[in-house]
Amino acid sequence: MTKQDTRPADTLDELVRGVAQLLEQAPGFVAIFAGPDHVVRFANASFRRLVGERDIIGRPLRDCLPELEGQGYFAMLDAVYARGEGVIGEGLTAMVRSTADGALEQRHVDFTCQPLRGPDGEVQGVFVEGHDVTARKRAEQERNALLAREQAARRELEIVNERLRTAQRIARVGSWEHRLEDDSLIWSDEVYRILGLTPGSDCERLEVFMSLVHPEDRQKLREEYDRALRGDGRVEYEYRIIRPDGEVRILLERAEVRCDSSGRVVAVSGTVQDITERRAAEERLRRSEALVQIAGRVARLGGWALDLADPDPRFEWSDEVCAIYEVPVGTRPTMEEVLELCAPEWRVKLIAAFESCLREGVGFDLEVQVLSASGRRLWVRMLGQAVRDEHGRVTRLEGALQDVTAPRAAQETLRKSEERFAIVAKATSDAIWDWNLENDTVWWNDGMQKLFGYSAAELEPDSRSWTERIHPDDAERIRASIQSFIEGTEANWVGEYRFRRKDGSYASVLDRAFLVRDSTGRPVRMVGSMADISQQKLAEERIRASEARLREMADNIEDMFYSRTADCTRLFYVSPGFERIFGRSCQSLYEDPQSLVAAVLPEDRPTLVDGMQRLAAGEQTELYYRILRPDGEVRWVRSRSYPVLNEQGQVERVVGSVRDITAQVLAQERLQESERRKSAILEASLDACISIDQEGRVIEWNRAAERLFGYEREAAMGRDLAELIVPQRICRRHSEGLDRYVRTGMSEAIGKRIEIPARRADGSEFPIELAAVRIDLPTGPIITAFVRDITERKRAERQAVEHQRRLLQLAHHDSLTKLPNRLQLQSSLPDALERARRSGRLLALLYIDVDHFKHINDSQGHGRGDALLQIIAQRLRHTVGRHDVVVRMGGDEFVVVAGELPDRTAAESLAGRILDSLRSAMCSDGVTLSVTASIGISVFPDDGADPEMLLKHADIALYQAKERGRNTFQFFTPDMNSRLMERVVLEQALRRAIGTEQIYLEYQPIVDVASGTTVALEALLRWRHPELGAISPTRCVPVAEECGAIVELGNQVLRLACRQLDEWRRADVPLVPVCIDLSPKQLDRGRIQETVAELCREFELEPSLLGFEITESAVMQHVERHLAVLHSLRRFGCRIGIDDFGTGYSSLSYLKHLPINTVKIDRAFVRDMATDGNDVAIVSAIVAMAQTLGLRTVAEGVERPEQLAQLRELGCEFAQGYYLGRPMQPDAPALIERLRSSDGGSMTVSRRALRLSGGR
C-alpha cells in the first residue's frame, strides 16, 4: 500500500463540476464519494457499467451497492476517510450485480482510493479511480489452465514411456526400427542392454550391429532380413551375438516391413528378445528327460496314462512298463487287458483303486501281483492320479509302475532276520543298538527305556542323540576310541563310560560292539549292546573306599593295633602306631615279638607279665606302664587287650591296642599342681571367692570373703548363700534365679559382671561387683563367684557423672551469655523437628546478626562489646516464648528456635518483636548504645526437613536481609538459593578475573564549572566477563568486599591508572590528576602507602597526579588508624577527597582533622535541585562549609544544564556527570581532545588541576 493526499479543493461540488467532463472520458472507472456515508457525487460511465447501470448519484454507497457488504470495500473507504491516507488495490475480486438480470458476477479490479480535503485540510470525501481487469484475468486463467493440461499430458506421456521401458526391461525385449531412406537405426534402451552397448556411443549403425552377430549366423541373418525386405510379411529367426565383453547370447528376432502409400518398403520394425536362459533351460530339460529314462530302466520304473476322452480309451505305456510286462514296445492295452494281467487275488483291489480315482479323483499307491507275458509272477507298485479339465471333470488318469519283485524278496528276508533279532533283544536286559555308518541313523531296542528311561520317541535316530548323553568328561575319549576302532582292523570294541539317564543322573555302562563290513571290507554298520554296571561300580567303589578308610585309619590313628599268638611268640599284624609310640620299626617287632616286653621299664614289667598271664587265661586286661624309647625318652602307655577264643574255647590269639598317654599323665600332674597354686592364690586374693553347689550351699569361702562379709570360714561352709549375704528385699529374686539355673542350666549372672547390693554379718548393705562362672565337676556342676566391694568406685563414679554433667553444661552453653551454643543446637534441633512433625505445627529458625557490631567492638572496646552481647542475649530471652530456645552461634550471631507455631505470621510477629527489643537504647558502663539487627527466617517443613537445610536456608535469608539495608527480616524463598548461587559464581569469576584483561578502567572528566575545562579524571572500574558480559561495579565491588578480594582488586585499579598516565605522557597527551576510590579494607591491611610509592617509582609519576577518594563512613570506622594512613598519603603528595559527602553519619568535628583537599557532593542532593529546595539548601551549606575550611567542592551526577547553572550560582567549583562527559575508554578521541585542550597541550599538570588538588 502507498499513501498520498490529493490537492485540497474548495468544495466537492466545485471539484465535480470542474472535472466531470474530463473524468467521463477516462479509460477506466472513476467515482467520487462524499462524507462518512460515502454518498456518490460522481460516477463515470465505466463505473456505472461495472455496477450494472443503477441509479446511484446522490445515494450512499451502502444503499446503492449492498452486495459489497462483507467484501472489505466499505471498510477500506471508511479507513481512507477516517485516516486521510490513500490505499491501492491490485487484482482484487468484487462480487457485483453488473448485468440486467441482477445476478452476482465476479469481477477483477485494480484501483486507488485517495482522500479529498477541503480548504481547511479536513477530509470531505474519497476519490476512486481504477480499471476492470476481468477479461485480462480470465485470459490469464485460461492460459494457465491450458499450460497445466499440457504439462499433465507430458507427464502422462513420460509415465507411458517409462512403463514401456520397464516392461521391455522385465521381459528383456527391445524394439528397433531401420529407416531405409537414410539407412538409420533406432534402438530402445533395452536393445542396448541386450547387445551390451552404451547409448550415445555412435553404434546405431547396421555395420556395427552385424559385427556383433556370430560369424556362423551372419549369412543366415542377412537372408532372413532380405526376405523381410521383399515384403514376405512378418519374419522370425534366431541367431547368436558376441557381446563386447565376449559373452555369447542367443536372440529371437521378429520383424515386419512398413510401406508407403505406393507400396514401397520405407522401414523395417521389429523386436529382439534375449532367449539365452530359455534355451539353456530347454537343454537342461532335454538332458533331464534322458536321465529319467535311464533311471527308469535301472529302477525298473515306467509311466502310464489313460485318456478318458478317447472313444476307445487305452493305456499308454512307456517303454519300461512294456519291458516289465514283457510285451512289445508301443503296446496299448485296454482296461480289461490290464486287469487280465493282474493276479486273480489282487484284481478286486486294483479295480477299486481305479474306480475311486475315476469317481472321486483320489490318487492311489498300491502293490499288486501281476503276470508277465511269459507267465512269471511279479510284484509291481502302481501309482495313479486323476487329471481334471477346467470344469473339474476327470478326463485323464496317469501314473507310474515299478517292478518291486526283488526289493520285496529282500524285505521279506530282512523281516525274518529282524524278527530273530527282536527275540534276542527282548531276551536280554542290555540296550541293543544298531548304527548305520553310511546315513548316521541309529536304532535302539527297549533296553534304552528299561535301563535309562528313554522311550523311542525321545531319542533322535542319529548318533548325536547318543554322544550328547555321554558324560562330558568321557565324551572325547569315547569318540576317539570309536573312531580309531572304525578306522582300524580290530574285530570288537569295548568301552566304559557314564551315560545320562532321563532323570539327569549318570549310569556307568559297559558297551561292547562289532563292525559290519560290505563286500569291499568298508565298515557300513556298528552293532553293540550297553550294560548298566552302576551297581557293580558302586560296590567296587565302596569296597575300595572302605579299604582306603581302614588303611588310612590304621595309618593315621596315634594308637598301636596288634594281633599276636597267646604266648607272644608270633605277631600277625601291627599298625604304624607302634613306630610312633615305641620309636622302633614294625619290622623289628615282627622279627622279635618279645622285644615289646624288653621296652617296658624294669619296675613296670611285673604289671605287664601279670597281664599277659591273665590274657592267656581268657581275661580282658587294661594296663598302665612306662616304656623306654631308643632315644632315651620315657613314655606312659595304656594297653587294652582281648583274647580271641577258638571253637574249643581256647585262646587262639590276642588282639589289642596301645595308646600313648604321656600327655594326659603330665596334664594331670600339672592340674594337681595348678590346684595347689589356685588354693594358695585364692587365699591370698583381695577379692572374695565363693563357691556354691546346685542347692546354693557354700562349699568354698576364702579369707577375703571372711573380711568382706564378717563370717568365719567354718561358720559359712554348708550355709545357704542367700541367708549369709543377700539382703532380705532381693532374696526372692535370688531364689528364683537359682531355681531357674537348677531347672534349665541358664542363669543371668553366669559369664557376666554384675553389680548388686550385698549384706554383711552386722546387717549393713554395700554394693558389690560379682563375676560368676560355672564349673562342671564329676560330682556335678558348681558356681564359683568372685566378689569385690565397689563402694569407693561407686562414690568415684557419682563424682565423675557430676563432673561430666558440668563438662556437658560447659560444652553445650556459651560461657559469656549462658545461652545454649551451636553444639547444643545441633543435638537438640532434631528432637524439636520430630516434635513439630508429630504435632503438625510449624517450627521457625530465626538467624539473627547484629548490624555493624564489629564497628562497635573496635571503637568501644571488647569489654563493652561483650557487655552489649549479654544485654542482647537477655533481651532475646525475654522476647521469645517460654518454650522457644535462644542460641548463641558465635560472635554477634544468634538463633531462635520457635516451635508450635500456627502459621508463618506468628514467626513474622516474633521477628518484629525481636527487632523492636534490640532497637531500644542499651546502656553499658555509662555509655548508651543503639544497635539494629538483621534476621533470616526459615520455616519447617516448607523450607527444609533436616537441621542442616533449615540453618542453611535461614543463613541465606539473613544474607538477603543484609542486602536489603539491614534492620529488617527476610523469610527464605527458593529463589534466594539461585541468587546465592549467582553470587558464588560471581565471586569465583571475580577471583579469576583479577589480574587479567577482563578488568579495565574508563575515565570520566571532572570539569571547571566556570570555564568548562577538564581539570581531572575519575577512574571508574569496569569488568567484562567473556560469558556473563559487562558486570556493573555495584555488583562486583560488594562481592569483592565480602570475599576479601577488594585489596587485590584495588591494587589492580591503581596499577592500571598509573600505567595509563604513563602511556598518555609517552603519547604527548597533557596529564591531569586521576581520582581513584579507596576501600576501607585497603586502609586497614592493604599497605596502600607502600603500593602508591612503588607504582610512582615504577612509572616515574608525580604523586600529585594521583587522588584518592573515600567515603566519610569508611573513614569513621577506624578513625585513628585511617587518619594515619590518609596523612601518610597526603604527605607523600597525593590528593585526598571525601566521596558521597553528606550521606554518612560522621561528626563534623572530625572533618577539620581530616587531611583532605576536596569534598564531593553526593548525586542524591544534585539530582533534585531544580524541584527540591531542601537539596539546594544542603548543597549551599556544603559549599559554604568547604570554603570556610579551605576545601574544594566537586558535585557529581550533573545531567542537565540547569543543574550546572545552579551549582555555578552557589559557588561550587567543579562538577562531573553525563551532561559534562560520559565515562570513556582511555584511547577515546573525545577524551584525548579534552585532555589536549585542558592546558594547551602541555605535558605538565594544569593550574586548574593543581587548584583542584590543592587545599589547606
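In terms of this note's numbering, the sequence shown opens at residue -6 and continues consecutively. Where is the CB? At the ideal position from N, CA and C, for every residue including glycine.
Discussion item. Can you list, in chain order, the residues of its chain with a C-beta nearer than 7 angstroms to that of ARG669? Leave out the 5 residues immediately preceding and following it.
Written reply: Indexing the sequence shown from 1 puts residue 669 at position 676. Cβ neighbours of ARG669 beyond the five flanking positions: none.
Item to complete: Just the C-alpha distance for ARG1114 and GLY929, rounded to the nearest angstrom, thanks.
Response: If you number the sequence shown from 1, residue 1114 lands on position 1121. If you number the sequence shown from 1, residue 929 lands on position 936. Distance between the alpha carbons of ARG1114 and GLY929 is about 33 angstroms.
Practice prompt. Please go through the stretch 581 to 650 and give each complete alpha helix (DSSP H) segment of 4 or more residues, from N-terminal end onward.
Written response: Here the runs fully enclosed are 588 to 591, 598 to 609.
Worksheet entry | Exposure label - GLN395; buried when at least 16 CB within 10 Å | As a position in the sequence shown, residue 395 is number 402, starting the count at 1. GLN395 should be labelled buried.
Practice prompt. Could you tell me if PHE202 is buried or exposed, where buried requires 16 or more neighbouring beta carbons within 10 angstroms of its beta carbon?
Written response: Position 209 of the sequence shown, counted from the first residue, corresponds to residue 202. Buried, because 16 or more other Cβ atoms sit within 10 Å of the Cβ of PHE202.
Item to complete: Let me know if LEU1245 comes out buried or exposed under the rule of 16 or more other beta-carbons within 10 Å of its beta-carbon.
Response: In the sequence shown, the residue the question calls residue 1245 occupies position 1252. Interpretation of LEU1245 is limited by its pLDDT of 49, a score under 50 that renders its predicted location unreliable; no figure is taken from the coordinates.
Discussion item. Spatial neighbours of GLY446 within its chain, please: C-beta separation below 7 angstroms, excluding the five flanking residues on both sides.
Written reply: Counting from 1 along the sequence shown, the entry for residue 446 is found at position 453. Excluding residues within five positions, the ones whose Cβ falls inside 7 angstroms are ARG494, LYS495, ASP496.
Fill in: Range of the contiguous alpha helix (DSSP H) that encloses GLU572
Counting from one through the sequence shown, the residue named residue 572 turns up at place 579. Per DSSP, GLU572 belongs to the alpha helix (DSSP H) from 570 to 575.
Item to complete: Look at the alpha carbon of ILE1184 and the alpha carbon of HIS1146, and state the distance between them as a whole number of angstroms.
Response: Start at 1 with the first residue of the sequence shown, and residue 1184 comes out as number 1191. Start at 1 with the first residue of the sequence shown, and residue 1146 comes out as number 1153. The residue you asked about is not Ile; residue 1184 is Leu in the sequence shown. LEU1184 and HIS1146: Cα-Cα distance of roughly 12 angstroms.
Worksheet item: When DSSP labels each residue in this structure, what does ALA765 get in the three-state scheme?
Response: By 1-based counting over the sequence shown, the position of residue 765 is 772. Strand at ALA765.
Practice prompt. Report the option in ALA1170, ALA260, SER1097, THR1104 whose CA atom is closest to the CA atom of ARG1128.
Written response: Along the sequence shown, one-based indexing puts residue 1128 at 1135. Cα-wise, what sits closest to ARG1128 is SER1097.
Item to complete: Let me know the secondary structure DSSP gives LYS811 once reduced to three states.
Response: Taking the sequence shown and counting its residues from 1, the one referred to as residue 811 is at position 818. Coil at LYS811, not helix or strand.
Worksheet item: How about ARG628 and VAL637: are their beta carbons less than 8 angstroms apart?
Response: On the sequence shown, residue 628 is found 635 positions in, with the first residue counted as 1. On the sequence shown, residue 637 is found 644 positions in, with the first residue counted as 1. Against a cut-off of 8 angstroms, the Cβ pair of VAL637 and ARG628 comes out as no contact.
Discussion item. If distances are taken between C-alpha atoms only, which option among ALA778, CYS916, THR1186, LEU838 comes closest to ALA904?
Written reply: Taking the sequence shown and counting its residues from 1, one reaches residue 904 at position 911. Selected option, being the one with the closest Cα: LEU838.
Worksheet item: Exposed or buried, GLY1130, counting other C-beta atoms within 10 Å across all chains shown (16 or more means buried)?
Response: In the sequence shown, counting from the first residue as 1, residue 1130 sits at position 1137. Here GLY1130 is buried. Its C-beta has 16 or more other C-beta atoms within 10 Å.
Discussion item. Let me check understanding here. Comparing Cα to Cα, which of ILE268, PHE507, PRO326, TRP1016 lies closest to ASN429?
Written reply: The residue you call residue 429 lines up with position 436 of the sequence shown. Checking every option, the nearest Cα to that of ASN429 belongs to PHE507.
Discussion item. Counting only C-beta atoms, is VAL265 closer than 8 angstroms to chain D at any point?
Written reply: Absence of chain D from the displayed structure is noted, only one protein chain being present.
Worksheet item: Using the rule of at least 16 other Cβ atoms within 10 Å of the residue's Cβ for burial, across every protein chain shown, is ARG277 buried or exposed?
Response: What you label residue 277 is simply residue 284 of the sequence shown in a count that begins at 1. Within 10 angstroms of the beta-carbon of ARG277 lie fewer than 16 other beta-carbons, which makes it exposed.
Discussion item. With a threshold of 7 angstroms on Cβ separation, who are the neighbours of THR810 within its own chain once the five nearest residues in sequence on each side are excluded?
Written reply: Along the sequence shown, read from residue 1 onward, the residue named residue 810 stands at position 817. For THR810, same chain residues with a beta-carbon under 7 angstroms away, outside a window of 5 residues either side, are LEU862, GLN863, ALA866, ARG881 in chain order.
Discussion item. Can you give me the C-alpha to C-alpha distance between THR1255 and ASN485, rounded to a whole angstrom?
Written reply: Residue 1255 is absent from the structure shown; the chain starts at -6 and stops at 1249.
Discussion item. Taking 8 angstroms as the threshold (C-beta atoms), are TYR74 and VAL121 in contact?
Written reply: Residue mapping note: residue 121 aligns to position 128 of the sequence shown, counting from 1. Residue mapping note: residue 74 aligns to position 81 of the sequence shown, counting from 1. Going by C-beta atoms, VAL121 is not nearer than 8 angstroms to TYR74.
Worksheet item: Do you know offhand how far ILE992's Cα is from VAL1040's?
Response: Here residue 992 is taken as the residue at index 999 of the sequence shown, counted from 1. Here residue 1040 is taken as the residue at index 1047 of the sequence shown, counted from 1. Whole-angstrom Cα-Cα distance: 14 angstroms.
Practice prompt. Tell me where the alpha helix (DSSP H) around GLU1105 begins and ends.
Written response: Numbered from its first residue, the sequence shown carries residue 1105 at position 1112. For GLU1105, the uninterrupted alpha helix (DSSP H) segment begins and ends at 1105 to 1108.
Practice prompt. Since I believe MET1162 is in contact with VAL1169 (beta carbons under 8 angstroms), could you give me their beta-carbon distance rounded to a whole number of angstroms?
Written response: In the sequence shown, counting from the first residue as 1, residue 1169 sits at position 1176. In the sequence shown, counting from the first residue as 1, residue 1162 sits at position 1169. Right, their Cβ atoms sit about 5 angstroms apart.
Discussion item. LEU1144 and LEU1182 - do their beta-carbons sit closer together than 8 angstroms?
Written reply: Numbered from its first residue, the sequence shown carries residue 1182 at position 1189. Numbered from its first residue, the sequence shown carries residue 1144 at position 1151. Yes, these two residues count as a Cβ contact at 8 angstroms.
Worksheet item: When you compare only the Cα positions, how much space is there between VAL435 and ARG518?
Response: As a first step, residue 435 is located in the sequence shown; it is residue number 442 there, counting from the start. As a first step, residue 518 is located in the sequence shown; it is residue number 525 there, counting from the start. Between the alpha carbons of VAL435 and ARG518 lies a gap of roughly 10 angstroms.
Fill in: Supposed close pair ALA926, ILE841 - CB separation, criterion 8 angstroms
If you number the sequence shown from 1, residue 926 lands on position 933. If you number the sequence shown from 1, residue 841 lands on position 848. Confirmed, about 5 angstroms.
Worksheet item: For the beta strand (DSSP E) that GLN997 lies in, which residues bound it at each end?
Response: On the sequence shown, residue 997 is found 1004 positions in, with the first residue counted as 1. Annotation: the continuous beta strand (DSSP E) that includes GLN997 extends over 992 to 1001.
Worksheet entry | For LEU299, the residue or residues it bridges with in DSSP | The residue labelled residue 299 in the question sits at position 306 within the sequence shown. Beta-bridge analysis with DSSP links LEU299 to PHE308, LEU390.
Fill in: Where the alpha helix (DSSP H) through PRO940 begins and ends
Within the sequence shown, numbered from 1, the residue matching residue 940 stands at position 947. Note, PRO940: alpha helix (DSSP H), 940 to 956.
Practice prompt. Return the CA-CA distance between VAL1176 and THR1186, expressed in angstroms with no decimal places.
Written response: For this step, residue 1176 is matched to residue 1183 along the sequence shown. For this step, residue 1186 is matched to residue 1193 along the sequence shown. Cα-Cα distance, rounded: 6 angstroms.
Worksheet item: Straight-line CA distance for ASP680 to PHE759?
Response: Taking the sequence shown and counting its residues from 1, one reaches residue 680 at position 687. Taking the sequence shown and counting its residues from 1, one reaches residue 759 at position 766. Straight-line Cα distance between these residues: approximately 15 angstroms.
Worksheet entry | Residues near VAL166 by beta carbon distance below 6 angstroms, same chain, minus five either side | For the purposes of this step, residue 166 is taken as residue 173 along the sequence shown, with counting starting at 1. Within the same chain, VAL166 has close Cβ partners THR264, GLN266.
Fill in: Cross-strand partners of TRP339 (DSSP beta bridge)
Position 346 of the sequence shown, counting from 1, holds the residue named residue 339. Answer is none; TRP339 lacks a bridge partner.
Worksheet item: How is the beta strand (DSSP E) around LYS1153 delimited, first residue to last?
Response: Stepping through the sequence shown from its first residue, residue 1153 is reached at position 1160. Start and end: 1151 to 1154.
Item to complete: Whole angstroms is fine: what's the gap from ARG815's alpha carbon to ASP1077's?
Response: The sequence position of residue 815 within the sequence shown is 822, counting from 1. The sequence position of residue 1077 within the sequence shown is 1084, counting from 1. ARG815 and ASP1077 have their C-alpha atoms spaced approximately 31 angstroms apart.
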